[in-house]
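Take a look at the structure below.
Chains as they are written, first to last, in the numbering used here: chain A, 6 to 349; chain B, 6 to 349; chain C, 6 to 349; chain D, 6 to 349.
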């Protein structure tokens, strides 16, 4: 089969690899019919996240089950399925608390030996361990490009507000309107946010957030803190989603939250620099940080997608063939695409 | 001023009473511009809830502040306000846990000496104790008839799902489509329910629920349990709202909930009879019972009303003058109205 | 191997059976070194819970792993282990919410075909499916008779207060001082209850609760409601554990709880009769019903047993040989024993 | 009356001031019989927290009610009472969520105009606004020096673990064994921690923690991270209480927490410097920061003190007369005392 492999920083290449096979009793093999390129793939592309040369990358996928081990009960050969971006063992101490995203034996698709040595989804076929936990049937009538979001980007947007303890009627600000931020905007609105402030500096992303129902706030041409304060009687919002992740956005997030509010830091925190912890302490904030627990959320997210209350279709700006993957990465790296869907 | 008073079972009468005056430092006097007739008023009307003859009834209101004591900070004279159906002291042991609905010193408007000896809102003027806790400014542009719901019926519908721990993507069944049940349907949908089953035997109420976005299920012409099971892979729903309250509805609620699900019993449980507690135990259910904690919810409910995510306007079937109140009660008693709004 | 089998109501018998063998990749076979007789075994003994003749009964055990499938990682052959009273699949919809006690594929040891067709633990050897979820190593220095409680009776006592949302400083009443009730007393005190009222009519059980640190209240010679009210400024307790389960105890539990408090119904609710739901509704109570989620709790319970903060040793009134099992059931049925531990 | 006043950095002085009088309907005047010197008083003493010259300082007190306004119901003239370190309005948006520590109208005793212009408790008499919220009767038989802790230091220790969502059986590390850290150690053990690691570099504080039941870990002579990892199968603890508050302790707290664990930052975060947010993000931590919500906890804390499950008496190292206050501050500043109690 053909597979997209990392070779060196800036260099990816399609290679021919043997078809994967079911080994463990709860393995499944999926014929991939659509895969996505994600912001975290760019970290690999640039060498910031180290991956072995020749490793297949990609972690968002929709496809059809080709084969499944005897313990796989949730799906069967022939089923059209979507997957989560990682697997979990379901029985370690963290899984027992439903914190699957920190599974002690967790493995992330397409992230090299460091994250579990699990070949990626930008390929014609994919081996999926612990399929009962990771795979779900695609509800009838749902397109590949919508289903693709359930186990990664939309699951992350959902997590950003759910994990922050959102309640219907809350006010929310989302900082950074990439795919995850835009999905957090949708999840906020679907969950009953009374007001959602969507903050970025790219006009078309602000416009998309506006169409979803949020109040767009330009990061530099407006004063986000003033805008949020004015609309909340001077208090700030109940929840701020930081979908970027560096010191400056986190500092802004802390400034936008109301006293005793919550900052949900979903963007990978890669940068260095000082964070205004003194202000966070004075305001009595709660900071909830880290990757999303998509396995715990995927069934509810699918229910919302099926009901049309979440709809990531507008985020898909490009469909490209697997063979065009090098161009796709270049395009994505230039920030000219929100979400690129690859089809074999 | 004129006031609607209970006289005897089946007999209410408008009487002339002295205007109320501010006594305590946190009292306010409100000129009532709209008041509602509620299901619990019928219990008084029929003598099931005992109230002293001559007592002013009613507990839903919108109006303008005429005067306020020196400690009242949340509203000022001249403000257009709405109220909650009861007051609370804010400092007793239950209030300290934000359980204002069970305040040890709580008083309910228009329910006689037993519930705090607080004259009612179906009158031209109303004395409101603890106004900081009970009153809110009506957001600009909101009609009286919408604002009227925030502190009682819609607050109760919101409570029904919030108190049950609803999360976006949950499945919900609402049993009984009177005003509270219909508001619970709206609150479920606003909070991101993936599916809402609305169950009743009155066609027009089912139709209204359908227009709100729920799946209507006829109580007797369909089989609610089968309908719910079929749509939930045989599991039952995450949350059942029992907006009726007697043994039979509670039994049905228990049968509709999924294993380890929640039944939210918001309807006043007045009847006698056996409840299938054995089944509730086998299923590992949680039952959350009692009146709604509207004071804790009113700001979020107002935010949702202002955003248009909740909209009780379709529930208002009749506007009548205060002087027509006797006819209004007769009409309401015949179940020919969903919500009657009285104006002086 | 020898195994204790149900034959007919009132008749159990030791039979010779083939040794169990590892079949699935996550199976383990345990050589049982101690097993317990539990209140629910009496339901089988009397035929109230139907079990096939010849089925091996028992569901509490400590022993040594003889063999384990290749996917078993938590324990290894030779490890001294304890087990939970049931297994779970870890991947169904309820397990994904950590509600293992309602697993859609759950199987209970020694309860016949109805509850998963899983042979019981009152035997020389035991097959344990899903061993990663169900087994734990016995901490060094812990006796068999203490470890035996972790996965069943003490896990249930812990659940009773944990599931009710207990916080340090709460007041608690426990109704029924059988082994589960006494464990709930210990769990309440370990978790920081400020006051625990232990209610029963058997003097020696009241005395044991007193020694644990609770305030004993005689069910009939004292007035439990008055005793609880007097000690709580008239309010009632934050949490009532009903460790009995029939209408009368549930009614008392409802009367003892404070407004907006919680009743934790851990006792199997087998009886019929009217429950005062109207009072529960007026008080705004939460009722949490059903079996304990011991798999979710077992690691914390083990930590507390190891620290000596929970200590069920005083509850073990009898040690008997497996061959004396018929006498043991007769003794237990006459309520002359709190906990009988069988050794092969 | 005599009152301890701030004059200039390093200079405090006793001044004669007029006796306070009841002004508002819910004011009380308390004759102070014991007051404490707290770590935050040192910030004032050194001028780091600016207070007007002549302002009375101190915020921990026990005494007798001399007079009370007509709305004060919780206590009466003649009652022996203790107080919380701040007051709250009970009706603003944050109070409505029981987040009294962030009350929009909150006032802290003895912290100058910036924090509400409320004269302090190191005086012979004290005016207490909102007495229903702030005062509690001292339970019979409780000493002044124990009661003194309920509304400040012990309330803070309790908050540190309660706010972090502690459950019985959790593992906890407390960083910094000043009075707040030692109280957090006690609160952890009272709430059922299976293991508590108490970390500091002062031998006598480590010894005191050991006597309370914790495992002492020397900050520099041992390797706290290794000690915690070894005792938790390499995982880290469920909750880390940072009772210090600067970048270095917070960094250590982040390193000690298990994946998806919680850091409870109760120590005032005054310093500047980089915090390892990237590690906190990778581990998926929750950080809960800020002052303690002592008003919400005071009744449960009192219950635990009364039951003897919390006992701060060993922390009181010095009793001094109000007239010796200058010496007391010098002594405290030299870190030669854990807690000094002043009596008039």
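Note that CB positions come from ideal geometry on N, CA and C, so glycine has one too.
Per-residue burial, residue i [other beta carbons within 10 Å of its own, 16 or more giving buried]
| i | result |
| --- | --- |
| residue 68 (chain C) | buried |
| residue 51 (chain A) | exposed |
| residue 39 (chain C) | buried |
| residue 12 (chain A) | exposed |
| residue 23 (chain D) | exposed |
| residue 184 (chain A) | buried |
| residue 129 (chain D) | buried |
| residue 59 (chain D) | exposed |
| residue 319 (chain C) | exposed |
| residue 225 (chain C) | exposed |
| residue 124 (chain B) | buried |
For residue i, three-class secondary structure by DSSP
| i | result |
| --- | --- |
| residue 209 (chain C) | helix |
| residue 93 (chain A) | coil |
| residue 161 (chain D) | helix |
| residue 293 (chain D) | strand |
| residue 135 (chain B) | coil |
| residue 169 (chain D) | coil |
| residue 325 (chain B) | strand |
| residue 221 (chain A) | strand |
| residue 148 (chain D) | coil |
| residue 40 (chain C) | strand |
| residue 120 (chain B) | helix |
| residue 237 (chain D) | coil |
Terminal residues of the beta strand (DSSP E) in which residue i lies
| i | result |
| --- | --- |
| residue 19 (chain A) | 16–21 |
| residue 85 (chain A) | 85–88 |
| residue 107 (chain B) | Segment: none, residue 107 (chain B) is in no beta strand (DSSP E) and carries neither H nor E. |
| residue 61 (chain C) | It is not in any beta strand (DSSP E) - residue 61 (chain C) carries neither H nor E in the DSSP assignment. |
Contact belief for residue i with residue j at Cβ below 8 Å, rounded distance in angstroms
| i | j | result |
| --- | --- | --- |
| residue 310 (chain D) | residue 147 (chain D) | 7 Å |
| residue 262 (chain C) | residue 245 (chain C) | 5 Å |
| residue 26 (chain C) | residue 34 (chain C) | 7 Å |
| residue 136 (chain B) | residue 79 (chain B) | 7 Å |
| residue 93 (chain A) | residue 300 (chain A) | 6 Å |
| residue 267 (chain C) | residue 290 (chain C) | 7 Å |
| residue 211 (chain D) | residue 203 (chain D) | 7 Å |
Range of the contiguous alpha helix (DSSP H) that encloses residue i
| i | result |
| --- | --- |
| residue 346 (chain B) | It is not in any alpha helix (DSSP H) - residue 346 (chain B) instead sits in the beta strand (DSSP E) that spans 344–348. |
| residue 195 (chain A) | 184–195 |
| residue 244 (chain D) | That residue, residue 244 (chain D), is in no alpha helix (DSSP H); its beta strand (DSSP E) goes 242–247. |
| residue 260 (chain C) | 252–261 |
| residue 51 (chain A) | From DSSP, residue 51 (chain A) is part of no alpha helix (DSSP H); its letter is neither H nor E. |
| residue 28 (chain B) | Neither: residue 28 (chain B) is in no alpha helix (DSSP H) and is coded neither H nor E. |
| residue 433 (chain A) | Residue 433 (chain A) cannot be examined here, being either before or after the span of chain A that is shown, 6 to 349. |
| residue 309 (chain A) | 299–311 |
Proximal chain F residues relative to residue i, where beta-carbon distance stays under 7 Å
| i | result |
| --- | --- |
| residue 270 (chain D) | The structure shown contains no chain F; the protein chains it does contain are A, B, C and D. |
Inset, instruction - Mind checking the stretch 315–341 of chain D against chain B and listing, in chain order, the residues whose C-beta falls within less than 8 Å of any C-beta there? - result: Here the close residues number zero.
Inset, instruction - May I ask you to list, following chain order, the residues of the stretch 178–202 of chain D that have a beta carbon less than 7 Å from some beta carbon of chain A? - result: none
Inset, instruction - Give the residues from the stretch 279–294 of chain C that approach chain B closer than 8 Å (Cβ to any Cβ), ordered along the chain. - result: 279, 280, 282, 283, 285, 286, 287, 288, 289, 290, 291, 292, 293 and 294
Inset, instruction - Taking only beta carbons into account, state which residues of the stretch 140–174 of chain B come closer than 9 Å to chain A, listed in chain order. - result: Cβ contacts with chain A: 163, 166, 167, 171, 172, 173 and 174.
Legend entry - Residues of the stretch 118–130 of chain C with Cβ closer than 9 Å to any Cβ of chain A, in chain order: Closer than 9 Å at the C-beta level to chain A, one finds no residue of the stretch 118–130 of chain C.
Legend entry - Interfacial residues, the stretch 76–101 of chain B to chain C, with Cβ spacing under 8 Å: 98 and 99
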